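Residue numbers (this note's numbering): 37 to 253.
Beta carbons: idealized from backbone N, C-alpha and C, even for Gly.
For clarity, every value in this text was computed on a predicted model and none was experimentally measured.
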């Protein structure tokens with residue numbers, strides 16, 4: 037019995053440590069991210085897979101830096117920005133973050149509407165219902181409750197892996213495109229460059245860094 041209790045404590049400690057990072061990594065697979073990656077695949081096939089290597093490396097470095105700054109300073113990212121660059125710069129950045137998050141939220145509810153319409157559920161029903169649920173969690177829920185909800189919801193993202201396998205891609209072509217140097221002609225294509233920027237932007241989102249560092253603190 038004591039061994040089982042000790043095992044549960046260890047599991048709880050692991051989730052307490054990796055939880056914020058796990059949530060941050062998974063909830064970035066939002067409606068905007070799914071749409072961006074879907075459009076990238078539909079338009080350019082496997083030719084953009086090479087971007088996953090530098091984008092993943094950059095994501096790991098940035099997430100590690102956010103975690104380290106939170107652990108060492110005991111302060112959130114906005115506090116550090118204010119101390120280093122002053123109140124005016126912080127206000128401008130927070131305003132830009134607010135506008136970005138506002139449109140990001142619009143995209144999330146658009147994703148909710150689109151996904152449920154696949155099952156014949158009207159967007160005029162599901163969007164207000166989803167907004168009410170989010171409002172209830174944010175206003176009446178505690179941080180630990182919200183974190184548990186997000187952590188549980190992250191398990192559903194395994195469906196993406198299953199869907200990718202069921203799609204039966206050309207694994208050899210995908211592997212070669214991931215490690216092969218891209219053709220220079222692609223960089224003269226405006227749509228190709230725009231999609232690279234979009235992939236980087238949707239993968240390394242600004243809000244992620246603020247949330248992760250605040251969670252560490």
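Going residue by residue through the stretch 70 to 138, where are the continuous alpha helix (DSSP H) segments of at least 4 residues, counting only ones entirely within it? 88 to 109, 113 to 121
May I ask you to report which of helix, strand or coil DSSP gives residue 242? helix
Under 8 Å: do the stretch 72 to 87 and the stretch 225 to 237 share three or more Cβ pairs, one atom per stretch? yes
Going by C-alpha to C-alpha distance, which of 248, 148, 157 sits closest to residue 169? 148
Which residue comes first and which comes last in the alpha helix (DSSP H) that contains residue 179? 179 to 189
Contacts around residue 174, its chain only, beta-carbon distance under 8 Å, and the 5 residues preceding and following it disregarded: 182
First through last residue of the alpha helix (DSSP H) which encompasses residue 196: 194 to 202
On the criterion of 16 or more Cβ atoms from any shown chain inside 10 Å, does residue 154 qualify as buried, or is it exposed? exposed
Would you identify the three-state DSSP class for residue 164, choosing helix, strand or coil? helix
Quick check on the burial criterion: 16 or more other C-beta atoms within 10 angstroms. Buried or exposed for residue 322? Nothing about residue 322 can be read from this structure; the chain reaches only from 37 to 253.
Close-in-space but distant-in-sequence residues of the same chain around residue 130 (CB under 8 Å, 5 per side omitted): 114
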